[in-house]
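Peer 1: Here you go, one structure.
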Amino acid sequence: MSAVAISEPRREELVIEKKHPLAIRWFHWINFPVLFLMIWSGLMIYWANRVFQVHIFGHQFFGKGPLFPDSWYSPDVPHWWPNWMHWTLTKGFDDSGNVRYSMWDLSSRLAEGMSWHFTFAWIFTLNGIAYVGYLVFSGEWRKLVPKPAAFYEAILVVLHDLYLYRKPLPVRKYNAAQQIAYTGVILMGGLMLFTGLAIYKPSEQSWAAHLVGWWAEKPGGEVGVTAYSVARFLHFWTTMAFLGFFLVHVGQVAKTGWNNFRAMVTGYELTKIEEVGE
Amino acid sequence: MRKIQRDFTPREVMEPSSPQDMRRISRRSFAWAGVAVASTYGVLHWIFTRRQDNGIPWPLRRGLDVNEQVWTDIYDGKRKVPTYADSQITEERENGDEGLHNTDDDTLDDFDPATWKLHLVGSASDSDPIEITLADIQKLPHVEQVTELFCIEGWSIVQKWKGVRFVDFAAKYPPPTTDGSEADVVKAPEMLVPYVGMKTPNGGYYVGLDMQSALHPQTLLCWEMNGKPLEVEHGAPLRLVIPTKYGVKNIKRIGTITYSTDRPKDYWAEQGYDWYAGL
Chain A
0 MSAVAISEPR
10 REELVIEKKH
20 PLAIRWFHWI
30 NFPVLFLMIW
40 SGLMIYWANR
50 VFQVHIFGHQ
60 FFGKGPLFPD
70 SWYSPDVPHW
80 WPNWMHWTLT
90 KGFDDSGNVR
100 YSMWDLSSRL
110 AEGMSWHFTF
120 AWIFTLNGIA
130 YVGYLVFSGE
140 WRKLVPKPAA
150 FYEAILVVLH
160 DLYLYRKPLP
170 VRKYNAAQQI
180 AYTGVILMGG
190 LMLFTGLAIY
200 KPSEQSWAAH
210 LVGWWAEKPG
220 GEVGVTAYSV
230 ARFLHFWTTM
240 AFLGFFLVHV
250 GQVAKTGWNN
260 FRAMVTGYEL
270 TKIEEVGE
Chain B
0 MRKIQRDFTP
10 REVMEPSSPQ
20 DMRRISRRSF
30 AWAGVAVAST
40 YGVLHWIFTR
50 RQDNGIPWPL
60 RRGLDVNEQV
70 WTDIYDGKRK
80 VPTYADSQIT
90 EERENGDEGL
100 HNTDDDTLDD
110 FDPATWKLHL
120 VGSASDSDPI
130 EITLADIQKL
140 PHVEQVTELF
150 CIEGWSIVQK
160 WKGVRFVDFA
170 AKYPPPTTDG
180 SEADVVKAPE
190 MLVPYVGMKT
200 PNGGYYVGLD
210 MQSALHPQTL
220 LCWEMNGKPL
230 EVEHGAPLRL
240 VIPTKYGVKN
250 IKRIGTITYS
260 TDRPKDYWAE
270 QGYDWYAGL
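Same order as they appear, the protein sequences are chains A and B.
Numbering that gives the first Met the number 0 puts the first residue of the first sequence at 0, with every later residue one more than the last.
Numbering that gives the first Met the number 0 puts the first residue of the second sequence at 0, with every later residue one more than the last.
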């Protein structure tokens with residue numbers, strides 16, 4: 000038998016690759032229930048004075064009233080509210096004994112909401128500081144913070160996700176759109192914390208509200224618009240924007256699949272590599 | 000030789016590295032995740048089911064108490080709240096008539112401001128309650144200020160108030176000190192008894208204040224609002240304006256002021272709200 004030198008064909012192999020450090024997984028998963036509690040208790044507080052409205056090109060959305068008006072949930076379940084979402088409505092009675100449905104059972108729970116909000120705000124704050132501190136000192140921030148080119152690349156990522164761009168994208172731990180989204184959401188967390196402080200202590204720590212609403216403190220502006228009201232507006236809408244991020248995030252995770260999700264729990268991902276025989 | 004054919008720096012690869020190993024790692028991690036989810040549920044369930052302490056589960060009440068300690072330490076009476084120009088005064092808003100109405104039919108009661116006197120209990124000079132007239136109070140230096148009032152519900156208004164600073168009132172009618180020494184409200188406020196309680200003449204509404212917030216230079220006993228004498232609905236003849244606290248502490252129609260070593264009871268704090276309610 001003569002030896003025939005044939006180079007081995009390339010073959011693919013699955014390997015277990017480290018993806019997310021333990022610290023980041025803990026910070027992420029602690030944040031999930033805590034931020035949910037903060038939003039839930041925050042809505043209890045908002046429910047005591049539902050003032051925010053949505054105007055788009057002069058047209059007011061969500062009826063005539065404020066965002067989440069009474070007509071959404073009382074005295075009947077709104078006709079357009081889907082059946083599978085009825086668990087969000089709690090049946091109750093008003094002072095005259097009429098049936099009322101309240102969404103997520105948020106009404107008349109201001110005191111309770113404040114006590115949850117101002118207790119769990121500490122955990123949200125400490126966890127957030129620890130997370131950002133870890134990113135900085137471990138160098139992980141380099142994978143997360145977008146470089147200027149990322150803003151162009153992010154457009155390609157979105158086009159790719161919409162099946163409008165077919166060429167392969169550069170492979171990195173986080174693609175450009177993820178970098179922008181995740182860095183943005185950290186900044187939003189910081190803004191929620193800061194505007195939260197501004198409306199929590201508008202007298203003793205008035206510098207905080209002043210920093211976001213200094214222009215409203217001067218005479219000549221719209222009467223009733225104060226630095227505090229600006230901070231309150233930002234606090235609410237940053238939270239709504241965060242909910243928007245959350246929906247997209249969950250959708251993308253579902254689309255990307257189990258291997259990716261599992262990596263956020265275990266820290267490891269199964270990765271295809273090509274082994275080259277020689 | 001093993002190469003990872005990707006355009007970024009190869010990261011840490013596990014050895015051994017088979018799908019079986021991944022399953023082993025997964026099982027361990029998801030077991031921990033299960034413990035974490037169960038613990039989170041356990042902690043929240045535990046908080047929800049605790050004994051109520053004045054309207055909220057006691058662990059949350061302890062949370063508010065911790066916040067009170069923190070913000071009491073950070074408090075600085077020299078920091079003033081922002082003031083506004085007259086042009087920034089908002090519409091008047093009437094909110095809350097607890098302590099001003101007949102409890103049986105909810106109508107405003109037949110209180111007569113003309114015969115009103117303020118009762119001061121627990122002052123340093125006299126063990127019996129002192130009766131103080133509006134004229135007595137108005138002899139003290141007057142102050143006018145346009146400040147924001149923050150309702151605990153979330154909205155705020157900007158109003159102009161006229162009255163005397165509580166610190167001037169307390170200098171004229173001093174609280175006792177904790178060690179029996181002579182009171183000096185301005186120079187040694189930390190020696191005073193730590194609390195002030197206020198209630199309406201019928202006792203239907205009552206607030207408790209920490210002494211240092213009561214002595215804040217912008218805490219006023221007011222008889223005028225937006226250039227007019229106080230209306231009954233806004234707390235005639237004398238009300239408290241304390242911009243370092245939520246609106247609920249800005250008690251209308253003060254009947255009795257009490258200096259106290261013990262924490263005075265507070266109407267809304269009994270119903271789940273924070274006793275300190277500092278801003």
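Every residue, glycine too, gets a C-beta built ideally from N, C-alpha and C.
1) Check each residue of the segment 184-214 of chain A: if its Cβ is closer than 7 Å to any Cβ of chain B, include it; give the result in chain order.
2) Using beta carbons (cut-off 8 Å, strictly below), is A:VAL264 in contact with chain B?
3) With C-beta atoms as the reference, is A:VAL211 less than 8 Å away from A:ALA230?
4) Secondary structure at B:SER28, three-state DSSP: helix, strand or coil?
5) In terms of DSSP beta bridges, what is B:VAL12 paired with?
6) On a CA-only basis, which of B:ILE129, B:LEU214 and B:VAL157 is nearest B:ASP167? Give me that one, please.
7) Out of B:THR257, B:GLY207, B:VAL36 and B:ARG22, point me to the one whose CA is closest to B:TYR275's CA.
8) Distance, Cα to Cα, A:LEU34 vs A:LEU196?
9) Which runs of the beta strand (DSSP E) spanning at least 3 residues fall entirely within the segment 175-202 of chain B, listed in chain order?
10) What residues are listed by DSSP as bridge partners for B:ILE256?
11) Output needed in chain order: residues of the segment 144-156 of chain A with a Cβ under 8 Å from some Cβ in chain B.
12) What is the DSSP secondary structure of B:LEU237, reduced to helix, strand or coil?
13) Pull out every residue of the segment 139-155 of chain B whose Cβ sits closer than 8 Å to any Cβ of chain A, in chain order.
14) List the DSSP bridge partners of B:CYS150.
15) Are the beta-carbon atoms belonging to B:HIS118 and B:THR260 less than 8 Å from one another?
16) Keeping to the same chain, check which residues put their C-beta closer than 6 Å to that of B:THR8; ignore five residues upstream and five downstream.
17) For B:SER212, which of helix, strand or coil comes out of DSSP?
18) List the endpoints of the continuous beta strand (DSSP E) containing B:GLU130.
19) Comparing C-alpha positions only, which one of B:GLU67, B:LEU107 and B:GLU90 sits nearest to B:GLY98?
20) Counting only beta-carbon atoms, is B:GLN4 nearer than 8 Å to chain A?
21) Can you give me the Cβ contacts of B:PHE149 inside the same chain, cut-off strictly under 7 Å, excluding the 5 residues immediately before and after it?
22) Give me the Cα-Cα distance between A:VAL144 and A:PHE260, rounded to the nearest whole angstrom.
23) Rounded to a whole number of angstroms, what is the C-alpha to C-alpha distance between A:GLU16 and B:TRP31?
24) Is B:SER155 helix, strand or coil by DSSP?
25) Enumerate, from N- to C-terminal direction, the unbroken alpha helix (DSSP H) stretches of 4 or more residues contained entirely within the segment 201-259 of chain A.
26) Would the beta-carbon of B:ILE24 fall within 8 Å of that of A:THR225?
27) Helix or strand or just coil, what does DSSP make of B:HIS100?
28) With a threshold of 8 Å between beta-carbons, can B:PHE7 be considered close to chain A, or not?
29) So, is A:ILE154 buried or exposed, given that buried needs 16 or more other C-beta atoms within 10 angstroms?
30) What is the DSSP secondary structure of B:ARG164, counted as helix, strand or coil?
31) Would you call the CB atoms of A:LEU192 and A:THR238 closer than 8 Å?
32) Using a C-beta to C-beta distance shorter than 7 Å, which residues of chain B count as neighbours of A:TYR228?
33) Rounded to whole angstroms, what is the Cα-Cα separation between B:ARG26 and A:MET113?
34) Show which residues of chain A have a CB atom less than 8 Å away from the CB atom of B:THR39.
35) Can you list, in chain order, the residues of its chain with a C-beta nearer than 7 Å to that of B:ILE88? Leave out the 5 residues immediately preceding and following it.
36) So, with DSSP's three-state summary, where would you put A:GLN52?
Peer 2: On the basis of the coordinates in this document:
1) Here the close residues are LYS200, PRO201, SER202, GLU203 and SER205.
2) Taking 8 Å as the threshold, the shortest C-beta distance from A:VAL264 to chain B falls below it.
3) A contact, by the Cβ cut-off of 8 Å.
4) DSSP places B:SER28 in the helix class (H, G or I) of the three-state scheme.
5) Looking at the DSSP assignment, B:VAL12 forms a beta bridge with A:GLU16.
6) Closest option to B:ASP167, Cα to Cα, is B:LEU214.
7) Selection B:THR257, B:GLY207, B:VAL36 and B:ARG22 evaluated against B:TYR275 yields B:GLY207 as nearest (Cα-Cα).
8) So the alpha carbons of these two residues sit roughly 16 Å apart.
9) You should have 194-198.
10) Per DSSP, B:LEU119 and B:MET197.
11) So nothing in the stretch comes that close.
12) In the structure shown, the three-state DSSP call for B:LEU237 is coil.
13) Cβ proximity to chain A below 8 Å picks out GLU147, PHE149, CYS150, ILE151, GLU152, GLY153, TRP154 and SER155 from the segment 139-155 of chain B.
14) B:CYS150 is not bridged to any residue.
15) The Cβ-Cβ distance between B:HIS118 and B:THR260 does not fall below 8 Å.
16) With a pLDDT of 46 at B:THR8, under the threshold of 50, the modelled position of that residue is not reliable, and no figure is offered here.
17) Looking at B:SER212 - three-state DSSP - the assignment turns out to be helix.
18) Where B:GLU130 is concerned, the enclosing beta strand (DSSP E) stretches over 129-131.
19) Out of B:GLU67, B:LEU107 and B:GLU90, the CA that lies nearest to the CA of B:GLY98 is found in B:LEU107.
20) Because the pLDDT of B:GLN4 is 46, which lies under 50, any placement of that residue in the model is unreliable, and the number read from its coordinates should be weighed accordingly. It does: the Cβ of B:GLN4 has a partner Cβ on chain A nearer than 8 Å.
21) So the list reads SER155, TYR245, GLY246 and LEU278, once near-sequence residues are dropped.
22) Going by the C-alpha atoms only, they are around 21 Å apart.
23) Taking the straight line from one Cα to the other gives about 20 Å.
24) Strand.
25) Counting only runs that start and end inside the segment 201-259 of chain A, the alpha helix (DSSP H) elements of at least 4 residues fall at 205-216 and 226-255.
26) No; because the gap between Cβ atoms is not below 8 Å, this pair is not in contact.
27) Residue state, collapsed to three classes: strand.
28) Reliability fails at B:PHE7, whose pLDDT of 44 lies under 50, so the model's placement of it is uncertain and no value is given.
29) Result: exposed.
30) Looking at B:ARG164 - three-state DSSP - the assignment turns out to be strand.
31) Contact flag unset, no.
32) Going by the sequence as given, residue 228 of chain A is Ser instead of Tyr. Below the 7 Å Cβ cutoff, chain B contributes SER155 as neighbours of A:SER228, in chain order.
33) If I take the Cα positions, the gap works out to 39 Å.
34) Ordered by position in chain A, the residues that pass the 8 Å Cβ test against B:THR39 are PRO32.
35) Annotation for B:ILE88: VAL145, VAL157, GLN158, LYS159 and ASN225 place their beta carbon closer than 7 Å to its own, counting only its chain and skipping 5 residues before and after.
36) When DSSP states are grouped into helix, strand and coil, A:GLN52 belongs to the coil group.
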